[in-house]
Every structure is written in structure tokens, then in C-alpha cells.
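Protein sequence lines correspond, in order, to chains C and A. Using my numbering, read the first sequence as starting at 93 and increasing by one per residue. Using my numbering, read the second sequence as starting at 93 and increasing by one per residue. For glycine and all other residues, C-beta sits at the position ideal for the given N, C-alpha and C. These numbers were taken from a predicted model, which means no experiment stands behind them. Worksheet: the structure to be examined is printed underneath.
2 protein chains.
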Amino acid sequence: MDPACAMAKSEMVRKPATLKDVAALANVSRATAARALNSYGYVGDETAQKVQAAAEKLGYRGNRLAQALRSGQLPIVGCILGDIQNPFFARIAHDIEVLARECGHNLVIGSSEEELGQEISLLASLQSLSIRGFIVAPTSADNNAHLKGLIAENVPLVLIDRVAEGIDCDSVVVDNEGGARKAVEYLIGMGHRRIGLLQDDMRIFTSRERMSGYRAALAAGGIAPDDRMVAVSQSTVEHAVDATIRLFSQKNPPTALFTVDSLMTQGALLAFRSMGISIPHDVSLIGFDDFNLATFTDPQITVVAQPVAEIGRAAARLLFDRLSGQGGQPQKFRFETKMIVRGSVSRRRDA
Amino acid sequence: MDPACAMAKSEMVRKPATLKDVAALANVSRATAARALNSYGYVGDETAQKVQAAAEKLGYRGNRLAQALRSGQLPIVGCILGDIQNPFFARIAHDIEVLARECGHNLVIGSSEEELGQEISLLASLQSLSIRGFIVAPTSADNNAHLKGLIAENVPLVLIDRVAEGIDCDSVVVDNEGGARKAVEYLIGMGHRRIGLLQDDMRIFTSRERMSGYRAALAAGGIAPDDRMVAVSQSTVEHAVDATIRLFSQKNPPTALFTVDSLMTQGALLAFRSMGISIPHDVSLIGFDDFNLATFTDPQITVVAQPVAEIGRAAARLLFDRLSGQGGQPQKFRFETKMIVRGSVSRRRDA
DNA sequence: AGACTGTGTGAGATCGATCTCACATATATT
DNA sequence: AATATATGTGAGATCGATCTCACACAGTCT
Chain C
93 MDPACAMAKS EMVRKPATLK DVAALANVSR ATAARALNSY GYVGDETAQK
143 VQAAAEKLGY RGNRLAQALR SGQLPIVGCI LGDIQNPFFA RIAHDIEVLA
193 RECGHNLVIG SSEEELGQEI SLLASLQSLS IRGFIVAPTS ADNNAHLKGL
243 IAENVPLVLI DRVAEGIDCD SVVVDNEGGA RKAVEYLIGM GHRRIGLLQD
293 DMRIFTSRER MSGYRAALAA GGIAPDDRMV AVSQSTVEHA VDATIRLFSQ
343 KNPPTALFTV DSLMTQGALL AFRSMGISIP HDVSLIGFDD FNLATFTDPQ
393 ITVVAQPVAE IGRAAARLLF DRLSGQGGQP QKFRFETKMI VRGSVSRRRD
443 A
Chain A
93 MDPACAMAKS EMVRKPATLK DVAALANVSR ATAARALNSY GYVGDETAQK
143 VQAAAEKLGY RGNRLAQALR SGQLPIVGCI LGDIQNPFFA RIAHDIEVLA
193 RECGHNLVIG SSEEELGQEI SLLASLQSLS IRGFIVAPTS ADNNAHLKGL
243 IAENVPLVLI DRVAEGIDCD SVVVDNEGGA RKAVEYLIGM GHRRIGLLQD
293 DMRIFTSRER MSGYRAALAA GGIAPDDRMV AVSQSTVEHA VDATIRLFSQ
343 KNPPTALFTV DSLMTQGALL AFRSMGISIP HDVSLIGFDD FNLATFTDPQ
393 ITVVAQPVAE IGRAAARLLF DRLSGQGGQP QKFRFETKMI VRGSVSRRRD
443 A
């Protein structure tokens, strides 16, 4: 009556072969089979061949779970980023995955969605897997007991894109403050004085640093900071559109805008278009983080570019160095940014 | 002398607490502790509380590896896609991760980079993890013994974006042929007769289907297929640039181009710009798969959009339905595409 | 011959959680 | 009082791979 039952005898779930099966087929003990397959200790030539043949025949493929339980380590690394849909993180995730594969590891990925709670529970869940190490872009710069916990348990951790207070471990970030400062100084040099900032949540490390670069440049240019010039948004195109519209709907809107990441830059572009504001005629724009789209618009968008191709690789390299037992002081990389001048900033004569 | 040794006594690797530790602290057996924590079988109230307290105190967090070894299943699903950097796949990966998390699972991600070998070894490596199920965008439509192997071992598998010959399992794809056909018919309706196709490797399922829609539309329009109108490229912006340049450097270039994915569409855009070819004046363009950039260009690009927000969720839903024991015939979803007419196609009077 | 070393092998413990079973008690039913 | 049933608990097996240890035999050296 039930076809699944009819199938039961012939075609039922073919379980993967275990070492015991191999040993039985080769007429040796499990211990000997293990020695033959992992080539350690003494094994007779003939025996070794028998075991190899048996393993071959059964399609034996070890059980990494059992191995990991014994050794205490699963050859997997975890990676917790803000959002894989952000091309910046997508690139990083990709590079990490490639390097992990080269090192015989797999990659578990999780999005914190910039929520601390999510980051914590994700981390806990991965930690209980005896995962070997983590690469994390922490959501919060301050609130990081969970990261301290990792370090206390001696699990290798590399922070990426952002560092966290009181966490002493390997890290790879860029010079956010310097990059932001360069950008804003450039705007000031072009005659702008009412310079807007479209920034992300201040919990986030990069947002803080970029904000601080913005402030430093203003100060150096003798411009008083003005809260009306600053809008806060989440890092999505949609939120950035709204924030930009708010910022530019006031009486005395900025003459230039600095956006702290590429999704926000895109949001600003959309907002300007919908408001009929033209770049660079009506307003100048410069964004942190380069992105494909930046060269497709007219005019092309001037940006502060990060060495995105190096960040993921550098972080993965650091992690696998630790995993291979290298000790020593934590290494802290800070990459330089590079301003790419295109056409979205114009000189301002009045002001 | 060695600071690491000095540290050894006080601050050495704090191993996570095991059930045994909890049981010892609560003065009960492991069995009872397990019952108390997982609430099954009979446990005295007082005992249960003691155990809870002990677990709390030690920060006990079960070892998923050990649990998985016993149960035979690790609460992780695997996902093998072409390339997370492609926004289409990034979106899918993100949606799958979210749903996996809701179902108490983690996500292991791998890029096949469209290489069959990579796909096979990645799959083998994940299979030996006793991973519970897979979502795969198979590189090759024909060569799929590894997928058959999965099914033989009764590991739930959902194919996404592409199906594979002779593999009978759940799948989620879009109507590639219909979408491509609509696009090309639209071009024909606008008076074009020399219609170029920029396509991906023919191993790939979507590429085949889109090609076939292209051919069908030509045939229906009474246009003889012409190999000189077809260029093959890998699915990256860079390769697409080259291919487009080749295609449009010939004597009688196409008057319209249909590109089979968004990265190729971007490549074509760059190529046209570098060649001084203007859209839609000199050439009309329509791409498969919508993308952010499409609305930022001038003119905006007409595309055949896929319901990208539904694909990942649908696939994950299918997978978790299987994991929760639902049997029955494989379900095969095929989503409709939708043409979004923007400004990159112009009517052609001559021809 | 007796004491070595060098090879080869298997029995059994281990990793941590879970589950079955047997064995206690306590309460309820005849 | 005798039997049944409900409740609570622990000893030990299990998942699969690996590693320690003990043991067996070969050949070598005094």
C-alpha cells in the first residue's frame, strides 16, 4: 500500500560506510584500518592494501563529526558579517571562503543584520559546534562580552572592518578616519562650507571613525560643526533615501554631502534624482567605499576607496596562521584608503 | 621565562563545561542531568532545579558535535552557489540564511565558481559533516553523479536556479525560456532583426534555456539564426566587456543585444561606453535579471526581472519541509519572470 | 640461550550527549 | 497484605574515529 515501504528493502537509505565496515571487510581491527588509512604507526604492506581496497569499495569517507568530537575541533571557520548583500561584505566573504577551502576548511556564514542580539546568538550557536575560529565584523564597538568570552576560551578570533574596545586580537580595518578626513578636506578645498554627513548608527565602529574624520576636517577648516548637517540612517538604500530627503528638505541644505558607505551613496543618488537635485551642479557628493555603480552614473561618483580585495584575504590569512599554531602578539592591520576623484564634486564660488 | 607558561596555571584555556561537569556539580548522574535539561522522562522538581542552576553557573551550552554524532545529524544546511558576489546569489544566500536561522540551523556556504570539480569536492567535504540537507545551483546540467549520490543516501536536496538531468528532487527555477523569449520578441516587435545574444557557458542550465528562448523568438519572428550574432562569455563583468567588444567590432554588428545575466549586462554597458556606442540610439539593450544599477544609468535599462526575493525563501522552505519529515513527490517550482520596460530599447525603422 | 630492538596487530578507552534498561521508591488498587 | 502503577534515578551502551597500551612475533646482539 505504501510505496515507501515497498522500497524499504531494496533501495532504503544507504548509510555511509564507517571505519568499522571497512575493517570488517578487510578482516582487520578498527585500529589497524585507521592506521592504514591515515598512515601512521606500523602497518604491514599487504594489510594496508587490503584496507585501502576495502575503503575504496565501500566508498569510505570518514565522519568528520566523529573526528571532530575526538580532536575537539571541526575544520570549519565561522564568519559573521553585517549583511552579505552589501557588495563590500560579499567580496570579503568570497575571499575568505576561497582561502578557507585552500586550507581544507569550510565556511559557516551568518548575518548579524547589525543587531547585537543576533550576533551574540549566532556566535553562541557556532561556538557550540567546536568551530575552529571566527572572523567577525562586530556590530557594536562597546558591547562585546561575547567576544571576550571567545578569547577566554582561546578560540582564534579576527575582527574585520571594525575593532571593538578592550578586545585584544588580530584585526583588519582601514583608515576610516583618515579616509573620511581626506574626503571632507577635499570638499572644503573645493569651497564648500555647508557639508552634510549621511552616517550609519554610531554603535558601529566604522561609523564612529568616519564621523570623527569628518569632524576633524571641519575643525581644521575652521568650520563649526552643525547638527543640522548630519543625518543618521541604517545602511540600506531605502533608509538612506529617506534620510537624504530629510537632510535636503531644510531651509539651508548642505552644498555637499559625504556618505559613509556605498549603499548610502546609492540611496543619496536616488533621493537627489527624485528631488530633482542635480549632481554636481546643485550639490556635490562623495562617498566612502567604491562600488560598481559609481562609474555608471553621469557624472561618475567620486569616492574614497578601500582595498577591498585585500581585506578578506588578510583576515583569513591571520586566522589560519593562528590555527596553524602561530603565537605571538595580536597583529593589527590598518589599510590605507585612496580617494578616486571622478565627477561628482564641483567647485563652489559663493558660500 | 616564557610568559605563556606563567599564564598556564591561572588563565589557561577555559574549556567549555560538559554535561558531566553539570551533573557532578548538581550531584546527579549524567542521565538525570540530561533529562532535566532537555525535559523528557521523569525528573523530580527539586533535582531539575539543581541541575538548571548548575548549568547556569557553569555556562553550559551542550556540544552540538556530540549531539550530532549521536543523532546522526548536524543542524546545518549547506548551500553551494556559483558566486556570492553575484547579487542574485547574494540575495538568495541571505534569504536562506535567515530562514535557516529561524529553523535553528546554521548555513555553510560554498562557491563552486562554476567549476564542476569544485562543486564535487565541496559537496563531498560537506557530506562528510553529516549535514542535514543541501541547496545547490548545479554547475552542469548533465554531469551530476555526485547529486545522484546525495539522493541515494537520502540527503534532502533542493536545486535552485538550475535543474539537472535525471535528478528528481525539489527545485526552484524561473521560466528562463519564456523570459528570454519575451525579451527577444519585444526587440523584434520594436523592429530589430539583427539581435545579438551575450550568453554564458552552455553547460549551465539557465544559459541553455535562455538561449533556447532566444532561438524560439527568432524562429517565431521568421529570423534565421546567425552564429555571428552570438557571443559566449563567463559570467563576470570583465569577460562580458571583452565579449561585447568582439561582438560589436564586426562589419554588421547587431542593432540590439540581449544579455543573459546582470553581470553581463553591466559588462555590455561598460563596453558600449568605451566604444562610444550610445544606448538606445546606436544599439538597444535588454538584460535578463534586474539589478540596482539598472535604474541609475541614463537611459535606465530594460530587463526581464526574476522574483529574486521569493527564490531563496522558496528553496529554503522546501528544504526544511523535507527535513521536518514531509515526504511525497518532489515539488518543482517554476516562477514567472516579468519584463520591466525602461529606456534602453528603441524602435528601429530601417532594418 | 637470554636480552634486546623493530614490526605488526587488536582490545579497550576516549571525546560528549543521549537513550535504554534495570532498579529503586512511593502511591494506588484489589 | 499483595499486587499493580506511577515516579525518579543511575549504570552502561551507543554514535564513529582515534590513540594508548599490551601483546605477539621476527630478527639481532652478546
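For Gln165(A), the secondary structure class from DSSP, reduced to helix, strand or coil, is coil. Listed in chain order, the non-local C-beta contacts of Thr139(A) below 7 angstroms within the same chain comprise Val120, Thr124, Ala128, local neighbours out to five positions each way being set aside. Distance between Ala147(C) and Ile296(C), taken at the CA atoms: about 52 angstroms. Under the Cβ distance rule, Asp374(C) does not count among the residues neighbouring chain A, no pair being separated by less than 8 angstroms.
Think of a sphere of 7 angstroms around the beta carbon of Phe388(C): the chain A residues whose beta carbon falls inside it are Leu361, Leu385, Phe388, Thr389, in chain order. For the pair Ile432(C) and Ala397(C), the CB atoms are nearer than the 8 angstroms cut-off. Proximity of the segment 233 to 241 of chain C to the segment 168 to 179 of chain A falls short of the contact definition, fewer than three beta-carbon pairs being nearer than 8 angstroms.
Think of a sphere of 9 angstroms around the beta carbon of Gly136(C): no beta carbon from chain A falls inside it, the nearest being about 27 angstroms out. Cys171(A) has Ile201(A), Ile227(A) as its beta-bridge partners, per DSSP.
Under the rule that a run must span 3 or more residues, the beta strand (DSSP E) segments found entirely inside the segment 325 to 379 of chain C read 348 to 351.
Rounded to whole angstroms, Leu339(A) and Val169(A) show a C-alpha spacing of 42 angstroms. Here Phe425(A) carries a strand assignment [DSSP, helix/strand/coil]. With distances taken between CA atoms, Ser327(A) lies nearest to Asp381(A) out of Asp381(A), Pro346(A), Asp319(A). CA-CA distance, Thr394(C) to Phe425(C), rounds to 25 angstroms. Annotation: Cβ neighbours of Leu218(A) in chain C (cutoff 8 angstroms, chain order): Asn198. Less than 8 angstroms divides the Cβ of Thr336(C) from the Cβ of Ala360(C). The segment 298 to 317 of chain A makes contact with the segment 267 to 287 of chain A; the number of CB pairs closer than 8 angstroms reaches 3 or more. DSSP, read as helix, strand or coil, puts Met431(A) in strand. Flagged as an interface residue toward chain A: Asn155(C), by a C-beta distance shorter than 8 angstroms. Less than 8 angstroms divides the Cβ of Glu428(C) from the Cβ of Asp267(C). The Cβ-Cβ distance between Val333(A) and Tyr306(A) does not fall below 8 angstroms. Secondary structure note for Gln210(C): its alpha helix (DSSP H) is the uninterrupted segment 208 to 219. The beta-carbon separation of Leu191(A) and Ser204(A), rounded to 21 angstroms, does not stay under the 8 angstroms limit for a contact. With a cut-off of 8 angstroms on Cβ pairs, the segment 214 to 234 of chain A is not in contact with the segment 109 to 116 of chain C, counting fewer than three such pairs.
Between Asp293(C) and Glu194(C), the C-beta gap is not smaller than 8 angstroms, which leaves the two residues out of contact. The beta-carbon of Ser370(A) is placed no less than 8 angstroms from the nearest beta-carbon of chain C. In the DSSP assignment, Val395(C) falls within the unbroken beta strand (DSSP E) covering 394 to 397. Here Gly420(A) is exposed. Its C-beta has fewer than 16 other C-beta atoms within 10 Å.
In this structure, the straight-line span from the alpha carbon of Gly404(A) to that of Thr389(C) is close to 30 angstroms. Judged by their CB atoms, Met282(A) and Arg440(A) are nearer to each other than the 8 angstroms cut-off. Per DSSP, the beta-bridge partners of Asp262(C) are Val250(C).
In this structure, the CA atom of Leu310(A) is about 11 angstroms from the CA atom of Ala272(A). About 5 angstroms separates the Cβ atoms of Val352(A) and Gln291(A), confirming a contact at the 8 angstroms cut-off.
Listed along chain C, the residues sitting closer than 8 angstroms to His186(A) by beta-carbon distance are Asp175, Ile176, Gln177, Ser203. Among the CB atoms of chain A, one or more fall inside 8 angstroms of the CB of Ser222(C).
Looking at Ala308(A), Lys343(A), Thr298(A), the one whose alpha-carbon comes closest to that of Arg320(A) is Lys343(A).
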